[in-house]
Amino acid sequence: MLSALEREASPSDAVLLAGLEAREVSALDALYLRHGGYALGVAHRILRDRAEAEEVVQDVFLQLWNATVRYDPRRGRFTSWLFVMARNRALDRLRQRGSRPQGEPPTGREGSDEPGAETRLLEAERRRRVIEALARLPGSQREALELSFYRGLTQSEIARETGEALGTVKSRMSRAMATLREALGGTA
Amino acid sequence: MSEHQELLELAALLPLGTLSPEDEERIDAHLRGGCADCEAAIRASAAVVDALALTVEPLEPAPELRTRLLARAAEEGASRAGPPPAPLRAPRARRRARLAVAAALAASLLAAIGLGLEVGDLRGALAGEEETVARLEAALADASAERDRLAGRLAASERTLGDLTSRETRTVALAGTEHAPAAAARAFLDPENRRLVLVVYELPPPPPGRSYQLWVIVGGDPVSAGVFDVDPEGRTRYETTGVPAVEGPVTIAVTVEPAGGLPKPSGPLVLAGS
Numbered sequence: 010m011l012s013a014l015e016r017e018a019s020p021s022d023a024v025l026l027a028g029l030e031a032r033e034v035s036a037l038d039a040l041y042l043r044h045g046g047y048a049l050g051v052a053h054r055i056l057r058d059r060a061e062a063e064e065v066v067q068d069v070f071l072q073l074w075n076a077t078v079r080y081d082p083r084r085g086r087f088t089s090w091l092f093v094m095a096r097n098r099a100l101d102r103l104r105q106r107g108s109r110p111q112g113e114p115p116t117g118r119e120g121s122d123e124p125g126a127e128t129r130l131l132e133a134e135r136r137r138r139v140i141e142a143l144a145r146l147p148g149s150q151r152e153a154l155e156l157s158f159y160r161g162l163t164q165s166e167i168a169r170e171t172g173e174a175l176g177t178v179k180s181r182m183s184r185a186m187a188t189l190r191e192a193l194g195g196t197a
Numbered sequence: 047m048s049e050h051q052e053l054l055e056l057a058a059l060l061p062l063g064t065l066s067p068e069d070e071e072r073i074d075a076h077l078r079g080g081c082a083d084c085e086a087a088i089r090a091s092a093a094v095v096d097a098l099a100l101t102v103e104p105l106e107p108a109p110e111l112r113t114r115l116l117a118r119a120a121e122e123g124a125s126r127a128g129p130p131p132a133p134l135r136a137p138r139a140r141r142r143a144r145l146a147v148a149a150a151l152a153a154s155l156l157a158a159i160g161l162g163l164e165v166g167d168l169r170g171a172l173a174g175e176e177e178t179v180a181r182l183e184a185a186l187a188d189a190s191a192e193r194d195r196l197a198g199r200l201a202a203s204e205r206t207l208g209d210l211t212s213r214e215t216r217t218v219a220l221a222g223t224e225h226a227p228a229a230a231a232r233a234f235l236d237p238e239n240r241r242l243v244l245v246v247y248e249l250p251p252p253p254p255g256r257s258y259q260l261w262v263i264v265g266g267d268p269v270s271a272g273v274f275d276v277d278p279e280g281r282t283r284y285e286t287t288g289v290p291a292v293e294g295p296v297t298i299a300v301t302v303e304p305a306g307g308l309p310k311p312s313g314p315l316v317l318a319g320s
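From first to last, the protein sequence lines stand for chains H and B.
Just so we're aligned, residue 10 is where the first sequence starts under this note's numbering, counting upward by one.
Just so we're aligned, residue 47 is where the second sequence starts under this note's numbering, counting upward by one.
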């Protein structure tokens, strides 16, 4: 894992993504070293299987390499895009396996096995703020948002899963996002 | 709900990456036409998704995953540093084995050099970025200095303007004499700050070795208020402090004197007014 300092001194994600376009293996390597562990964390949360999660990570990075998928910077940071990619690939695998998605929302108690460097503390602090903001949402809004974000369900799927009308799901999610926008203004 | 309101809500959910393909196509089609509101909604939600994505903690991948990924990527086509094909049809088995080992060594060496080159390229790109940052920082520093300078000038101008427009400020119009018939000037006397501002029009530059000297004359007694120059068009704005605090009648005059001026006027009068 890179420290924040090393991260600052190394090329930005945008530079590395441009390197991918130019088919430079070293750019892929650098992106993987920086974000592979994160993608693995995402896939593992859903699959609960190390080997399968690693295959997801490989798939996602190869898709990036082969430009079958493209990161769109207008939709958030590269890590957010990577989250969605890894989550969706992991869910595909889970469906193939015929199991029910796990993708439990975080409890905030998941201990880190990394030494407590300052960056880790900062990240943990930010993570705590987000988890707290989620916890303050009304239950039905939180449920809809979590089903969408962590379990990758579409709005119709959420409606089926919760037995609510599609319109209700839509407005719950919109309200949940609006509340989080307010609450996380400083973090986001 | 209006059509656009609905699109706006879809836009706000787009960064979650869980819209149905139809909804995603709808919002994409709408965005192709350009919509600042929807773009803003996406950006705001993307920030929330960035925060939500933080809730996942990374795991340390097995080292083999990196090797496997890079090998697959190289297989599927890199821009350079592809290892040369190993000679598969060597005549004899032992020779073949030796060649294969040599080829493998060469390939890994080439790959290493290639990676080195690419790392070099990236370093170059990084150095380029750093240079750009340094240049931008220098430009920013210049801009800040310029801004401070302009702010200083603006403050001074505002002070002058404030003084000139105060109730107590007295204005004296000066007319050119026969030595400078086209010239005119206006003097502003600020008794509170004992300041004088003289604005001069069409006063020809003084003869070589001479200066214009300004006088404040109270009760027939001229007091020097310093010397000044004019620009080639005969204009200037001259400002001085420490002039006598005048309450009664006052005359302002300008004479031509030896460079640097004299304690009492001696040369021809070019401008005067009371």
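From the three backbone atoms N, C-alpha and C, an ideal C-beta is built for every residue, glycine too.
Taking 9 Å as the cut-off, decide whether the C-beta atoms of H/A153 and H/A174 are in contact. no
B/L200, buried or exposed, once every other Cβ within 10 Å from all chains shown has been counted against 16: exposed
Any chain B beta carbon closer than 9 Å to H/G125: Low per-residue confidence applies at H/G125: pLDDT is 48, beneath 50, and the placement is therefore not dependable, though the value from the model is reported in the following sentence. No, H/G125 lies away from the interface with chain B (no Cβ there is under 9 Å from its Cβ).
Can you pull the chain B neighbours of H/I140, defined as C-beta to C-beta under 8 Å? T101
With B/Y247 as the anchor, note down where its beta strand (DSSP E) starts and where it stops. Unbroken beta strand (DSSP E) run through B/Y247: R241 to Y247.
Chain-ordered residues of the stretch 53-77 of chain H with a beta carbon less than 7 Å from chain B: H53, R54, E63, V66, Q67, F70, L71, W74 and N75
Taking 6 Å as the limit between beta carbons, can you name the residues of its chain near B/V216, skipping five residues before and five after? Checking the sequence, you will find Arg at residue 216 of chain B rather than Val. Spatial neighbours of B/R216 in its own chain (CB-CB distance under 6 Å, excluding positions within 5 residues in sequence) are listed in chain order as L235.
At a CB-CB cut-off below 8 Å, which residues of chain H make contact with B/D96? G85, R86, T88, S89 and A197
Helix, strand or coil at B/R216 [DSSP, three-state]: strand
First and last residue of the alpha helix (DSSP H) that includes B/D236? Note, B/D236: premise wrong, no alpha helix (DSSP H); beta strand (DSSP E) at A230 to D236.
In whole angstroms, what is the alpha-carbon distance linking H/R136 and H/E64? Between the C-alpha atoms of H/R136 and H/E64 there is a straight-line separation of about 26 Å.
May I have the straight-line CA-CA distance separating H/E33 from H/R54, to the nearest angstrom? Between H/E33 and H/R54, the C-alpha separation is close to 30 Å.
Check B/P67 in the structure and name its three-state DSSP category. helix
In whole angstroms, what separates the C-alpha of B/A120 from that of H/D38? 11 Å
Just to make sure I have the definition right: I need the residues of chain B whose C-beta is within less than 9 Å of the C-beta of H/V178. Which are they? Taking the beta carbon of H/V178 as reference, no residue of chain B falls within 9 Å; the closest one sits roughly 11 Å away.
Measuring alpha carbon to alpha carbon, tell me which of H/E132, H/R83 and H/I167 ends up nearest B/S91. H/R83
If you draw a straight line from the C-alpha of B/R181 to the C-alpha of B/L116, how long is it? 36 Å
Identify the contact partners of B/P109 in chain H, using a Cβ-Cβ distance below 8 Å as the criterion. Residues of chain H passing the Cβ test: none, with the nearest at roughly 11 Å.
Please check if any C-beta of chain D sits within less than 9 Å of the C-beta of H/E170. In the structure shown, chain D does not exist; the protein chains are H and B.
Could you check where the alpha helix (DSSP H) with B/R114 kicks off and where it finishes? P109 to E121
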